[in-house]
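Asker: Mapping to this note's numbering: the sequence shown position 141 is 902, numbers consecutive.
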Amino acid sequence: MTLEQDVARHYATRTILSQIEAALKSKGADLDRLTVDDLKPVDEFHTGGIEATSALLDQLDFTPDMTVLDIGAGLGGTARHIVHRYGARVTGIDLTPDFVEAGRELSRRLHLEERIELAVASALDLPQQDSSIHLAVMIHVGMNIADKTRLFVEVARVLRDGGHFALFDVMAGENGEDLVFPLPWSSSSDTSHVAAPGVYRRAAHEVGLVQIAERDRTTFARDYFDRVRRKIAADGPPPLGIHLLMGDTAGTKIDNYVTNLAAGRIAPYEMIFKKPAS
Ligand SMILES: C[S@@+](CC[C@H](N)C(=O)[O-])C[C@H]1O[C@@H](n2cnc3c(N)ncnc32)[C@H](O)[C@@H]1O
């Protein structure tokens, strides 16, 4: 089996749509009048959820005629947020068919399907034409990609001159100890390819992308998980959350993430790159 097949198998969640519907119903949501915000607890599958998405995207300029590519779009939550908030047109690609199918249905229910296309594809072999994308976004995907250079080659190929690549990934921290598994993106080291920030910077440099921003989000992530834990201690676990995307071991995966973060083995980083005019 290839790494990509193993990764898709890790995330496979056949019943995700019915689980989301059941959780929404138990919260009292009206399934016929769903809003983009109703889905935020589950469709932003990364550290800090929608807070982190907004913090990354608010550093960028959007116009409604922009073409945006969300690489590893998962359920399409970030793509729907971009369409809803900034009015751009978004294509999301992802390796995991269950996420793509559920994401299409969720977009349809929100009447956003005309501005969002979700497709099964690999970040390492993007279906987009050369120089066709104004902005590529990638949130918590690089941890599953061994060949970062190939990823950056593909992104640089599809970006237009002057286009941007904004990413938010879990990267290697200063403490070089082995990670404790299972983690949300991988049950073992076989499918985990967490790399140091320098690996990303070098890969970008090799393909001619210029870095324009970078932020270590460790403090934000620690604070975020403290807040989540306090809320769960006070109110109990929420029915709708990213735990639905992590199977039976969701609790252990989140605990291990927090342990690795506290030990400095991982560090969530934002980076933004620009493709210069040729
Ligand atoms: C942790 S989830 C994040 C999903 C989404 N970006 C979000 O923040 O909600 C990681 C996603 O990356 C996808 N993925 C991993 N490796 C990929 C690759 N090589 N090409 C495309 N998608 C990939 C997985 O299928 C999964 O949906």
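Note that beta-carbon positions come from the ideal geometry of N, C-alpha and C, so glycine has one too.
1. For Lys801, I'd like the list of residues in its chain whose CB is within less than 6 Å of its CB, leaving aside the five on either flank, ordered along the chain.
2. When DSSP labels each residue in this structure, what does Asp855 get in the three-state scheme?
3. Run through the region 916-986 for me and flag every whole alpha helix (DSSP H) of 4 or more residues, listed as ranges in chain order.
4. Taking 7 Å as the cut-off, is the CB of Thr774 close to at least one heavy atom of ligand 2?
5. How would you call Asp798, buried or exposed, if buried means at least 16 neighbouring beta carbons within 10 angstroms?
6. Measure the alpha-carbon distance for Phe913 versus Arg770 and round it to whole angstroms.
7. State the DSSP-derived secondary structure class of Ile1033, mapped to helix, strand or coil.
8. Considering only residues of the same chain and omitting the five flanking positions on each side of Ala917, which have a CB-CB separation below 7 Å?
9. Name the DSSP bridge partner or partners of Met1007?
10. Suppose you measure from the CA of Val902 to the CA of Arg869; what does that come to, to the nearest Å?
11. Tell me where the alpha helix (DSSP H) around Thr776 begins and ends.
12. From Ile777 to Val989, what distance separates their C-alpha atoms?
13. As an exercise, report each continuous alpha helix (DSSP H) stretch of at least 4 residues that is fully enclosed by the region 816-861, in chain order.
14. If we count Cβ pairs, one from each stretch, closer than 8 Å, do we get three or more for the region 829-841 versus the region 936-956?
15. Does the region 903-912 come within contact of the region 927-934, defined as at least 3 CB pairs closer than 8 Å?
16. Does the beta-carbon of Asn1021 have 16 or more other beta-carbons within 10 angstroms, so that it is buried, or is it exposed?
17. Using a Cβ-based criterion (distance less than 7 Å to any ligand heavy atom), does Asn1021 qualify as near ligand 1?
18. Phe878 bridges to which residues according to DSSP?
19. Tell me where the alpha helix (DSSP H) around Val803 begins and ends.
20. Measuring straight from C-alpha to C-alpha, what distance separates Gln889 and Ala964?
21. Output the boundary residues of the beta strand (DSSP E) element that contains Val898.
22. Between Gly809, Ala783 and Val960, which has its C-alpha nearest Ile1015's C-alpha?
23. From Asp826 to Val919, what distance separates their C-alpha atoms?
Answerer: In brief:
1. Ile811
2. strand
3. 958-967
4. You won't find ligand 2 in this model; what it holds is ligand 1.
5. exposed
6. 24 Å
7. strand
8. Val968, Gly969, Leu970 and Lys1036
9. According to DSSP, Met1007 bridges with nothing at all.
10. 24 Å
11. Where Thr776 is concerned, there is no enclosing alpha helix (DSSP H), given that its DSSP letter is neither H nor E.
12. 22 Å
13. 838-847
14. no
15. yes
16. buried
17. no
18. Reading off the sequence, residue 878 comes out as Glu, not Phe. In DSSP, Glu878 forms a bridge with Thr852.
19. Lys801 to Asp804
20. 20 Å
21. Ile894 to Ile900
22. Gly809
23. 17 Å
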